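A quick write-up on the structure given underneath.
Protein chains: 4
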Amino acid sequence: MRARHEREREFRRESIIEATEQLLNEKTFESITMDDIAMRSDFSKASIYQYFKNKEELIIAVFARILRTECHLIEERCLLETDPIQAMRNYIKIQFESIHRNPWSPKVIATFPFRDYHAENCLSDLYNQKKKLITGIIQRGQTEGIFIISDLDIFTNMLLSASVGFANYFSTRMSSDIQSPEIEMFISTIIKGITKGEQ
Amino acid sequence: MRARHEREREFRRESIIEATEQLLNEKTFESITMDDIAMRSDFSKASIYQYFKNKEELIIAVFARILRTECHLIEERCLLETDPIQAMRNYIKIQFESIHRNPWSPKVIATFPFRDYHAENCLSDLYNQKKKLITGIIQRGQTEGIFIISDLDIFTNMLLSASVGFANYFSTRMSSDIQSPEIEMFISTIIKGITKGEQ
Amino acid sequence: MRARHEREREFRRESIIEATEQLLNEKTFESITMDDIAMRSDFSKASIYQYFKNKEELIIAVFARILRTECHLIEERCLLETDPIQAMRNYIKIQFESIHRNPWSPKVIATFPFRDYHAENCLSDLYNQKKKLITGIIQRGQTEGIFIISDLDIFTNMLLSASVGFANYFSTRMSSDIQSPEIEMFISTIIKGITKGEQ
Amino acid sequence: MRARHEREREFRRESIIEATEQLLNEKTFESITMDDIAMRSDFSKASIYQYFKNKEELIIAVFARILRTECHLIEERCLLETDPIQAMRNYIKIQFESIHRNPWSPKVIATFPFRDYHAENCLSDLYNQKKKLITGIIQRGQTEGIFIISDLDIFTNMLLSASVGFANYFSTRMSSDIQSPEIEMFISTIIKGITKGEQ
DNA sequence: GATGAATGAGACTTCATTCAT
DNA sequence: AATGAATGAAGTCTCATTCAT
């Protein structure tokens, strides 16, 4: 049957992605060579090209996986949450956890050529999906009169970028304890900043 | 006279730095070659090595210049400002302007090997100097009972990283108009988040 | 089968070594470029780096081969020889022949950084092996009361260096006829110098 | 007066030569850069080219000085000596001392392109002069019936090359004490080898 | 499908030498 | 005469990618 074939192929793709993720914890994507990936994934260099057209497609796959995971988590822990403030708290925490798991991700995104990032590859779709989820949370908060009113798109972008910015900072320089009060402080500041009135 | 020689040398160093900055608006530092820099700066490749020991020293010089400029601006527009809130607003604006001028800077910092960045080269000194200036602003705000109380260092790091994070996002994806209301919104959110009580 | 792969790889390594040896007959190792070697060995420059980590490893391999050959020859033509004088004659001849085949070898050794030569690479081992063989010959001569008595190590070094010194001289400046009477004269002088009494 | 001018120029040439000699004690001639020499000699790199046409001429000057010194010493300590054996002993000692003073000299000669060495530059003249002096010693020894009879030129070359070969070996690997018994052994062996009969 | 081998293109860096002051 | 500056030419090495088995 073709199905098993397909499943095995997918499995091998994943091993390569995982090897790459491991390596990204150790050095820049630019400085990781196909040899490194081959070594780590226990495939030959040439074999990798049977699963990914080139280095770029590989990194895209890596990020797609992360974004997909983030989306799942947001759906699970934010969309079902009735309190918008708590939903927002949860999103920020998810963002932290994600960057905590893959501290290199903001760095790599930062260097990833933008044109491609926003164009033909699946990344932009996933990225928009994630944004849409966050937008949903904000919208609910605004509708319920809890969050301040302002342009939705801008609001979302602001939250996303500030969260990622701080999480990145946090993950590279401070204790990597994800429960630390520093994070709570950031969350509170943001929540305070975006909620109406006294809170 | 020695002095003129010295001045001329410094001037040529600056041209190379400027050429590099220009190129950084077009592509990653990693993907910029010494040939590119030579071409753009109208020096021969070999000449560049008379002014910078290697590519790394060059990028360090580029960043040192940016940090120095930022420090000067903060001193001018924040330290003299008596109102802490206004001082803080000004700092965030300066950060935006800086990233607006050099949109690549967060990206490049992101890929710059961190060990070195925080160690023996002059960058760490400059970076700490900048942090100290911001800490000063916050401290004043806290002393005057305007800003919320919390660990100074964490407070500073949070502000710095969130601002850079958002400014980076802003500069690469939205209209590059520095007067846009989006920025005002970010600033307000942050200010609201860090000031005590009603405001 | 793995074995054939291995053999083929070894064969290709040898071609590169041979190309290098050829070139060494034409110019200094320092002045031979990887391009030269690539050209001569009919590999691409990059390919060479699959067989030798760098230029230094290549030269080490070249010398290892020579030393190995010398050791084999000494074993064959000296150790089996019962007459110590004849054994010694044979060694000196072997040394001449070797330098006659690879006239550049003393020159290259001369410029080769000594630390490495006497340290972690396989060369020092081979070199000591060769010395041990010569020491063996001398020792036998001394035991049998034919050679003069003196410190073994010094004796060995003297013979080695004087032979190499003269062979080098001979090969670079005189007719390269290996049968020439000049060589016979050197051999006689040395033999006369190291044998006891009348001879 | 022109004379002082000339003398000063000669003096500056000598400083550069001396700087080069110093450096040769530390690294290969090929690896010494004109910058090194400039630094060490306290001239600017460009200035050196006013005293030597190029790097090659400089190294030639270095060797010319050494050969000239050797010739002087041979004249002083060998030609005046009436006993040929003692004269020969003295020559070998001079050779040792010379190489002891400039241990790099055989190495550098070894790598020096031979064509030039034997052609238009002054080195060949000096070299021949040195050879002629040694030939003189041998000739006297033969005339007086002390040394064995054989072709003069070959005899000379053999002595020269074997002495240089061993002295080189000695200077790089053993204790650098010039009085050591090892040297005496080499000298005795050679003397024994070239003198007639019982000795 | 898997992989050992091969490589073109290109990066950084060095250095002897010349030029202009 | 002296020298800071400039550079062409060259060298070593790396890497993503393709090919042949």
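First to last, the protein sequences are chains P, Y, B and H.
Taking this note's numbering, the leading residue of the first sequence gets 6, the next gets one more, and so forth.
Taking this note's numbering, the leading residue of the second sequence gets 6, the next gets one more, and so forth.
Taking this note's numbering, the leading residue of the third sequence gets 6, the next gets one more, and so forth.
Taking this note's numbering, the leading residue of the fourth sequence gets 6, the next gets one more, and so forth.
Even glycine gets a Cβ: it sits at the ideal position worked out from N, Cα and C.
Just so we're clear, the structure is a prediction, and the values are computed from it rather than from any experiment.
Report the three-state DSSP secondary structure of residue i (helix, strand or coil).
i: Phe191/H; result: helix
i: Thr74/Y; result: helix
i: Phe34/H; result: coil
i: Phe48/B; result: coil
i: Phe57/Y; result: coil
i: Thr87/P; result: coil
i: Arg17/H; result: helix
i: Gln184/P; result: coil
Pull up the distance between the alpha-carbon of residue i and that of residue j, whole angstroms please.
i: Ile199/B; j: Gly198/H; result: 8 Å
i: Ser129/P; j: Ala8/Y; result: 55 Å
i: Ser46/P; j: Ser166/P; result: 33 Å
i: Leu28/H; j: Pro111/H; result: 15 Å
i: Glu187/B; j: Phe160/H; result: 8 Å
i: Ser193/Y; j: Ile104/Y; result: 19 Å
i: Gly150/B; j: Lys58/B; result: 49 Å
i: Leu157/P; j: Arg70/P; result: 26 Å
i: Arg14/H; j: Asn30/H; result: 25 Å
i: Arg94/P; j: Arg145/Y; result: 29 Å
i: Lys60/H; j: Tyr54/H; result: 9 Å
i: Trp109/P; j: Ser185/P; result: 20 Å
i: Asn162/H; j: Asn162/B; result: 21 Å
i: Arg106/H; j: Glu26/P; result: 60 Å
i: Val113/H; j: Glu23/H; result: 16 Å
i: Ile196/H; j: Cys83/H; result: 15 Å
i: Tyr56/B; j: Asn133/B; result: 26 Å
i: Thr205/P; j: Ser49/P; result: Only positions 6 to 204 of chain P appear in the structure, and residue 205/P is not among them; the question remains open.
i: Phe68/B; j: Cys127/H; result: 34 Å
i: Ser52/P; j: Ser52/B; result: 20 Å
i: Gln147/B; j: Glu86/H; result: 35 Å
i: Glu11/B; j: Glu11/P; result: 35 Å
Roughly how far, in whole angstroms, is the beta-carbon of residue i from the beta-carbon of residue j, given that I think they are within contact range, below 8 Å?
i: Lys201/H; j: Ile153/H; result: 5 Å
i: Leu72/B; j: Leu131/B; result: 4 Å
i: Met190/B; j: Ser155/H; result: 6 Å
Relative to the ligand NAD, is the shortest distance from any of its heavy atoms to the C-beta of residue i smaller than 7 Å?
i: Phe191/Y; result: The ligand NAD is absent from the structure shown, which contains no ligand whatsoever.
(message) Tell me whether the stretch 29-43 of chain H and the stretch 59-71 of chain H touch, counting them as touching only if at least three CB pairs, one residue from each stretch, are closer than 8 Å.
(response) Yes, the stretch 29-43 of chain H touches the stretch 59-71 of chain H.
(message) Using 8 Å as the cut-off, can you tell me whether the stretch 36-51 of chain H makes contact with the stretch 82-92 of chain H, which would need three or more C-beta pairs spanning the two stretches below that distance?
(response) Remark: fewer than three beta-carbon pairs, one from each stretch, lie closer than 8 Å, so the stretch 36-51 of chain H and the stretch 82-92 of chain H are not flagged as touching.
(message) Quick check: the stretch 12-32 of chain H against the stretch 160-177 of chain H, are at least 3 beta-carbon pairs closer than 8 Å?
(response) no
(request) Specify whether the stretch 97-108 of chain P and the stretch 77-87 of chain P touch according to this definition: at least 3 beta carbon pairs, one from each stretch, less than 8 Å apart. (result) yes
(request) Mind checking the stretch 135-159 of chain Y against chain P and listing, in chain order, the residues whose C-beta falls within less than 7 Å of any C-beta there? (result) Ser155, Ile159
(message) Does the structure place the stretch 135-152 of chain H close enough to the stretch 69-76 of chain H that three or more beta carbon pairs sit under 8 Å?
(response) Taking 8 Å as the limit for Cβ pairs, the verdict is that the stretch 135-152 of chain H does touch the stretch 69-76 of chain H.
(message) What are the residues in the stretch 54-84 of chain Y lying within 8 Å of chain P by C-beta distance?
(response) So nothing in the stretch comes that close.
(message) Residues of the stretch 86-107 of chain Y in Cβ contact with chain P at a cutoff of 7 Å, in chain order, please.
(response) none
(request) For the stretch 183-195 of chain H, enumerate the residues whose C-beta is nearer than 7 Å to any C-beta of chain B, in chain order. (result) Glu187, Met190, Phe191, Thr194, Ile195
(message) Closer than 8 Å between beta carbons: that is the criterion. Which residues of the stretch 162-179 of chain H meet it against chain B?
(response) Asn162, Met163, Leu165, Ser166, Ala167, Ser168, Val169, Gly170, Phe171, Asn173, Tyr174, Phe175, Thr177, Arg178, Met179
(request) Determine which residues of the stretch 19-50 of chain Y have a Cβ less than 7 Å from any Cβ of chain P, and write them out in chain order. (result) Thr33, Glu35
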